[in-house]
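Asks: In UniProt numbering, the protein residues as written are 1 to 105.
The beta-carbon is built from N, C-alpha and C at its ideal position, and this holds for glycine as well.
As the structure is a prediction and not an experimental result, all values here were calculated from the model.
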Amino acid sequence: MAPGDSITGARLFMARCNQCHTISAGGMHKAGPNLHGVVGRQAGTQPFYFYSQAHTNRNVVWTEENLNKYLENPKAFVPGTKKSFPGLKNPQDRKDVIAFLKEAR
Numbered sequence: 001m002a003p004g005d006s007i008t009g010a011r012l013f014m015a016r017c018n019q020c021h022t023i024s025a026g027g028m029h030k031a032g033p034n035l036h037g038v039v040g041r042q043a044g045t046q047p048f049y050f051y052s053q054a055h056t057n058r059n060v061v062w063t064e065e066n067l068n069k070y071l072e073n074p075k076a077f078v079p080g081t082k083k084s085f086p087g088l089k090n091p092q093d094r095k096d097v098i099a100f101l102k103e104a105r
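1. What span of residues does the alpha helix (DSSP H) with N66 cover, start to end?
2. Should the stretch 3-16 be called in touch with the stretch 36-53, which here means at least 3 C-beta pairs below 8 Å?
3. Assuming E64 contacts I98 under a Cβ cut-off of 8 Å, what Cβ separation, rounded to an integer in Å, is found between them?
4. Considering only C-alpha positions, which residue in the set N57, N90 and R105 is nearest to F77?
5. Using 8 Å as the cut-off, classify the Cβ of T81 as near or not near the heavy atoms of the ligand ZN, replying yes or no.
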């Protein structure tokens, strides 16, 4: 499988994630939290966003591996999440979005 492509990831983010998330430094939250700097961050810790109890109880750091699992099936990775997103089933799409998220630091 090819490495993640951040340009393709940006397009996927805008098409599949941007409805609920922002990505800019200091950007406001939408229905979901701002994802700027998410890679390497403790889950459920973005200031001024009210996470579901499932997220705050899930003691996990957003590594590339954990993001991949979450993006594949959010409800399986965090049972009880309020997230309605069904996931990205294509492994390359997940790699591309993660490559984009890594650049947004």
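Replies: The structure says:
1. Translated into the one-based positions of the sequence shown, residue 66 becomes position 66. That run of the alpha helix (DSSP H) goes E64 to E72.
2. no
3. As a working note, residue 64 is residue 64 in the sequence shown. As a working note, residue 98 is residue 98 in the sequence shown. That pair is a contact at about 5 Å.
4. Position 77 of the sequence shown, counted from the first residue, corresponds to residue 77. The candidate whose alpha carbon is nearest that of F77 is N57.
5. Looking for the ligand ZN in the displayed structure turns up nothing, as the structure carries no ligands at all.
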